[in-house]
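Here's the structure, in structure tokens; my notes come after.
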Amino acid sequence: MVKEWFHKFSQSSRAQLFFIITYVLVTCLGLYLLEDSASAIFPFLLVLLSLLILYYMKINVKLKWAIGFIIIAVMIPLSASQGSNFQAFMDVGTLVLIYVAMSLGLNIVVGFAGLLDLGFIAFFAVGAYTYGIFGSKQANHFMPFGHYPLPGDTFWIFIFVGAIIAAIFGILLGIPVLRVRGDYLAIVTLGFGEIIRIVFNNMDHPINITNGSMGISQIQPPRIFGYPIDTPSEFYYVALFIFILVIYVVKHLENSKLGRSWKAVRDNEIAAQAMGIPLVKTKLAAFAIGASFSGMMGTVFAAKQMFVDATSFTYLESTMILVMVILGGMGSVPGVILGAAVVIILNNQVLTDLSNWMTSLSTAGILNVPDALSPSKMQRFIFGILLVVFALYRTQGLIPHKNKKVDAERLKREAAAEPPYGNSEAKTNLEGSDS
Amino acid sequence: MKLKRFIPLMAVLALVVGLLAGCGSGSSSGKSLKVIKIATQTPLSGGSATLGNAIKLGAQLSVQDYKAKFAKLGYKVVLAPYDDMADPKKGVSNAQDIASDNSILGIVGHLNSGVAIPSSSVYEQNHIAMVSPANTAVELTERGLKSVNRICARDDFQGPAGANYAVKTLKAKKIFIIQDKTAYGSGLASAFRDEAKKLGAKIVGYEGITVGEKDFSGVISQAAATKPDLLYFGGVYAEGGLIIKQARQQGMNMPIMGGDGLDSSSTVSIAGPAVKNVYFSTVVGDVTKTEAGRKFAADYKKQFGKDIEGYSAYGYDCGGVLQQAILNAIKKNGGKLPTRANVETAVRDIHNYDGLATKVDFDNKGDNKYAKIYIYKFDKASYPATEMTEIQKTK
Amino acid sequence: MNVLEVKNLTKQFGGLTATNDITMTVEKNSITAVIGPNGAGKTTFFNMITAVYKPTSGDILLNGHSLVGLKPHEVSKFGITRTFQNIRLFNEQTVIDNVLIGMHQHLKAHWVGTLLRLPSIRLEEEKAKVQAYKILKYVGLEDYVNENAGNLAYGAQRRLEIARAIAARPKVLLLDEPAAGMNPKETKKLTDLIHDMRTRLDVTIVLIEHDMKLVMEISDYIYVLDHGELIAQGKPDEIRNNQRVIEAYLGKVAAEND
Amino acid sequence: MLQHIIQLLPQVLVDGITLGFVYAVVAIGYTMVYGILELINFAHGDIFMTGAFIGSGFLFLFISLGLMSSLPALLVFLIVIILSAMITGGMGVAIERVAYRPLRKRNAPKLIALITSIGISFILEDLVRFIAEWKTGNYIVTAPSLFNHTFTIDIHSIMPFFNNAKFQSSFIVVLVVTIIMLIGLDLFVNKTKWGMAMRAVAQDRETASLMTINVNRVISVTFFVGSALGGATGVLFMLQYGTIDPYIGFILGIKAFTAAVLGGIGNIRGAMFGGLMLGLIEMFAAANLSTLTGGLFGSEYKDVFAFIILILVLIFKPEGLFGKATIEKV
């Protein structure tokens, strides 16, 4: 009976629309009403869950995007704004957006083009240092001209400067990579990531470019129309802006000529070449575009933290981004978004709250554990268990990739209207685009 | 496909939980003692967790010791330990969490300057007083933040003090410096280097190592070849102990010196007998010389089953300073719960707090006026070491 | 008129000579077959034409332009595409996407334009899809448009390879054992298709094939390789009765007993 | 400058060989699993680490039982290393059962195993840390030393342009034991029935299974051997360096994996050579980089140096030093 009911429900887009709106309103109300810090996490997660539900609904795609946008951009910030958790949630939200964008970048490299990259965090570092150096006094150490820090208004330009410089590094990495394949590629990229990190950690000598292991501090907050951006809720919107940009780029490239070339190279290099796809250019484009997403978010990260040093860009970070991509489902854009969100929210919110809760139980004497097993130390342990469980039960990723389908009926109609396939017709039909 | 069927179920469940949570939240207060929280934020997992944990445990003991004083005023202090994993990102994210918990009035932390600097920006925005036991990076207090204080000495005091001792007392003319490429280690080592040069010693090498590795023989053979009179190490005991051991194995019998990162029982257990003739500078006086100190060490051992570390006492003192300031603020506020801003000012106004390890009195930047440097020497393979001299702040 | 000319083509792997001093010409709009026993160097020969291998010596000319030294994708731009003996489809992608990838070099879309959503590019993409559908219909795969290529049956995969290759609108189409693994009915359909392609698409076809019935039926001209050497050439009838060819295929003794 | 480098050479060689042998044996664990499953087993470094902790646990146990004084050090050492190797070997098999085999059964994409291996690696690290901290109060454990007699190679008196090299007696133990393990493994893989089955499965799993080889059993054996070697190396590591913590596996794992790739992943002799080479390169770089660059780049760049060499090797020989170039049949 439930099945029947659900079938009916899944057919009616109006019922679904009604459901999602009610759901969002109720959970948002819950979030709005809960100021208490300990349990506000539940409605917060429930509101986020609405996005997943939305993804599975059978309603108009444009409407889906619109509802999703409203939830992310309006409902969540608005309903969280009353609680004391507001900035904490927005900080997690900002981190989620940053890592989602990076995972989408890595997804282009690993998921679309099939190039295993274990040093992806390097591009994030490049973006972060780009703004870090010029947005603080650091640039005075080596720049022959100009006065630093540059004002926070220049941040908006630096988002794109960071993207471009990261893309250039992506191409630099691509050069040795073109000769090696498969898992050899993994180790070259790992080496590249480590090289970048170590060099950044040591560039206080002979010329002080990155201030070495002391890091760069007092980075200018971005300014917009003279108004400084320095709280997480404000950075949330900056990250959201870039996130939307990234989503736009990914969605449009995925099923374009370039996107198809990436997947062709992934599936079969030799056949791809035989079809006229240039390997070098295609792979480099994947590295460059993927890297540029990271570069952009790197600048946001630097501005948000107001401090950069090399400890944020370790090999572990690279593997975590890879985990987000694989866990979510390689090549699957919604999957990767979910993967990144799950990992970040788990690590930065849920597991912290869980261990705080367990700690409070143990201090209250309900739970008695020796210090060596104190729950405050267990976050990574629990995360490890969750990773194994997820991987075993969702072997294709949380949301596996599905190929985009074309409307075969429409193509059939349109093809029928044209003369049948043949040389003369083939020429006239596409010759215009053949140079 | 299965998930699809699962979703509506989950959604319904979620709705119910959400509503329940919404209704149930209001009813969880009303105890006899008003709860105040203080947080610690240090690495509790990962490579430097020994030190981070020592700070947390020290603070935990101080909370117990202040229990009675707060109970008298009708309050109860609870410690909220956070794990920053030595990761700046996690630190900031925790800082936001801390800021969102209105009952938290102050924080003890961090261990790593790289985490403390970005996190303190969040504390500053939310007026959460931070008392640092361990961040020696000059930068931290130079930014003029009202909420940031530290009881330990800065690199630009500790490093030169060590150099002074090395060059003047130990008569070192050729010094080889190894540092661990962290903010702490390289900050200390470069301050040491600059002062030693000024005093006329020759720096015959300045090399970096990688934290977490165990084999440093490459750097050590290089050092041995230069035949220095003194080997200086900027870093903490995990690598320091091994460097001491491996240097002695290669026949380097000259004095080895380091900073407060070597002030740990682990230095002895790692280096073993090789630890003889090792010096280190630290801000902590010998805790076990005083009656209170011995009691602290005994309590600590009893409660947590381990010996105190240098940072345990720092953690204890930070907790003490913070709680004393909260007490002052409560009193000033006529027994009512003080705001975070009240506590922030009260911490900065602490005068002549008599701590276990150090006296505390903050200057207008939040640095401890009383931060003294002590030079210790390991005469035998046991901890604590012997105090050689103490150096007053001259500035 | 000769579309493809191969001059003294030799390939050595280490000390092993895979093909030795092969010279051949392919006339425009003809169907030319390259046959020979297993290991005769036929596929190596195709691989050199499509620049997968670089020849040790010799030259390959397409309409008088040398192809030696080009990259595989450049050869494809010159107008040579191929199918593969061991099928090489893009298995994780849909059937229609496979064909669209075949059209790669004829689509103008640059990624910047794609991101700007230029109307011309969207129109081009739409037209390409219709065209791809027509090609699929032509080879008889129109019912599998949205299927993953890897899930198709064997014969269908071979036809999809041909569809993908003709989508590139080649001047010369190289088919490497197109009938391998097909049943007689499928082979018949394939034979018709190859015939039809020549006239309809104005394309020159070179094929490697073991099915002698098919080869004799459709080829205008046949080259026979054995142990990397060109041992015979001629019209189907001439090849059928050539003593050396029979020897190469059946062994010397068998040929004498015949 | 050159004179300076030559002076240091004997000591650099001794230290480089020690580190190199450790890398080599751990690298073999990566390479064996990779050869058979084409899987980068990230948890392998942590098995090495667990081996070190189990070894020190046994040592502490023996001390508390008073066995140390009554038995010769070498015997104690042999008992400890064999016991630890057996336990870690069993752990390797168990990990394969729990984390990898179910994925194989479900025909999961190759990379998803990366996730479970990272998860297992987190779990092992923290589990070991909890136990160590619980038992000793500190997770940085310093093991009792068994072989700490210092020897000096007096090469200076024969060839005066060299400085003398010093080493501990543990160095000899490490050297001898690793060489025995390497030779033993080589014999095992090339001469025994199981070794043959392993090579068959590595070459073509499907065909091997048609030849009545029990593939799952072979994979288990591979994990057992690789993990036992890793665990034994952990014990050697503990012996040589004295101090261990739960994160040594992570750092050493990256290096060993690099070494395996350098030698040509999937190739056991390649892994041996790659490990040795990486150890020497690192030691050489740490000792000489600042001399070579006039102080511009110090030993902190040793990993950069090692990775650049790796990348250069792979550019000119993309299949690693010992790997066979696979020509894809078109």
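Protein chains in written order, with our numbering: chain P, 85 to 519; chain D, 4 to 398; chain Z, 100 to 357; chain L, 97 to 426. From the three backbone atoms N, C-alpha and C, an ideal C-beta is built for every residue, glycine too.
Item                                                                                                                                             : Value
C-beta neighbour in chain L for residue 298 of chain P, strict 8 Å                                                                               : no
Beta carbon proximity, residue 425 of chain P to chain L, threshold 8 Å                                                                          : no
C-alpha distance - residue 210 of chain P paired with residue 292 of chain L, whole-angstrom precision                                           : 48 Å
Beta-carbon neighbours of residue 234 of chain Z, restricted to chain P and to distances below 7 Å                                               : 505
Residue span of the beta strand (DSSP E) that contains residue 370 of chain D, given as start and end                                            : Segment: none, residue 370 of chain D is in no beta strand (DSSP E) and carries neither H nor E.
Option in P:502, P:371, P:356 with minimal Cα separation from residue 190 of chain Z                                                             : P:356
Alpha helix (DSSP H) runs wholly inside the stretch 268 to 312 of chain Z, at least 4 long, in chain order                                       : 283 to 300
Completely contained alpha helix (DSSP H) runs for the stretch 118 to 185 of chain L, where each covers 4 or more residues                       : 140 to 161, 163 to 166
Whole-angstrom C-beta distance between residue 150 of chain L and residue 180 of chain L, which should lie under 8 Å                             : 5 Å
Residue 45 of chain D beta carbon less than 8 Å from that of residue 113 of chain D                                                              : yes
Limits of the unbroken beta strand (DSSP E) element including residue 410 of chain D                                                             : Residue 410 of chain D is absent from the model: chain D starts at 4 and stops at 398.
Status (buried if at least 16 other CB within 10 Å, exposed otherwise) for residue 427 of chain L                                                : No statement about residue 427 of chain L is possible, as the shown extent of chain L runs from 97 to 426 and does not include it.
Chain L within 8 Å of residue 258 of chain P, Cβ atoms only                                                                                      : no
Residue-level contact to chain P via CB, residue 275 of chain D, 8 Å cutoff                                                                      : no
CB contact flag (residue 484 of chain P, residue 423 of chain P, <8 Å)                                                                           : no
Proximal residues of chain P, C-beta to C-beta of residue 99 of chain D below 7 Å                                                                : 171, 172, 175, 316
Cβ-Cβ separation, residue 345 of chain L to residue 38 of chain L (assumed contact under 8 Å), whole Å                                           : In the structure as shown, chain L starts at 97 and stops at 426, and residue 38 of chain L therefore has no counterpart that could be examined.
Beta-carbon proximity of residue 124 of chain L to residue 372 of chain L, cut-off 8 Å                                                           : no
Contact list for residue 202 of chain L against chain P, beta-carbon separation under 7 Å                                                        : 479
Given residue 215 of chain Z as reference, the closest of P:415, P:336, P:127 once Cα atoms are compared                                         : P:336
Exposed unless 16 or more other CB atoms sit within 10 angstroms - verdict on residue 87 of chain L                                              : The requested residue 87 of chain L does not occur in the structure, where chain L is confined to residues 97 to 426.
Beta-carbon gap between residue 235 of chain D and residue 169 of chain D smaller than 8 Å                                                       : yes
Within 7 Å of chain D by C-beta, residues of the stretch 391 to 409 of chain P in sequence order                                                 : 391, 393, 395, 396
Cβ neighbours of residue 252 of chain L in the same chain (closer than 8 Å, five flanking residues each side left out)                           : 258, 259, 260
Rounded Cβ spacing between residue 125 of chain Z and residue 102 of chain Z (contact assumed at less than 8 Å)                                  : 6 Å
Bridge partner(s) assigned by DSSP for residue 263 of chain L                                                                                    : L:247
Closest by C-alpha distance to residue 331 of chain L, when choosing among L:184, L:188, L:102, L:386                                            : L:184
CB contact check: residue 148 of chain P to chain D, cutoff 8 Å                                                                                  : no
Unbroken alpha helix (DSSP H) run spanning residue 132 of chain Z, endpoints                                                                     : Looking at the DSSP string, residue 132 of chain Z is not in any alpha helix (DSSP H); the run it does join, the beta strand (DSSP E), is 130 to 134.
Residues, ordered as in the chain, of the stretch 234 to 246 of chain D that lie near chain L by beta-carbon distance below 8 Å                  : 241, 244, 245
Neighbourhood of residue 110 of chain Z by C-beta distance below 7 Å, restricted to the same chain and skipping five residues each side          : 117, 118, 143, 147, 152, 154, 155
Any C-beta of chain P under 8 Å from that of residue 215 of chain L                                                                              : yes
Under 8 Å between C-beta atoms of residue 471 of chain P and residue 215 of chain L                                                              : yes
Contacts around residue 32 of chain D, its chain only, beta-carbon distance under 6 Å, and the 5 residues preceding and following it disregarded : Its pLDDT being 40, under 50, residue 32 of chain D is placed unreliably by the model, and the measurement read from it follows with that caveat. So the list is empty, once near-sequence residues are dropped.
Secondary structure of residue 115 of chain Z, DSSP reduced to three states                                                                      : strand
Beta-carbon separation (whole angstroms), residue 363 of chain D vs residue 109 of chain D, contact threshold 8 Å                                : With a Cβ gap of about 14 Å, residue 363 of chain D and residue 109 of chain D do not count as contacting.
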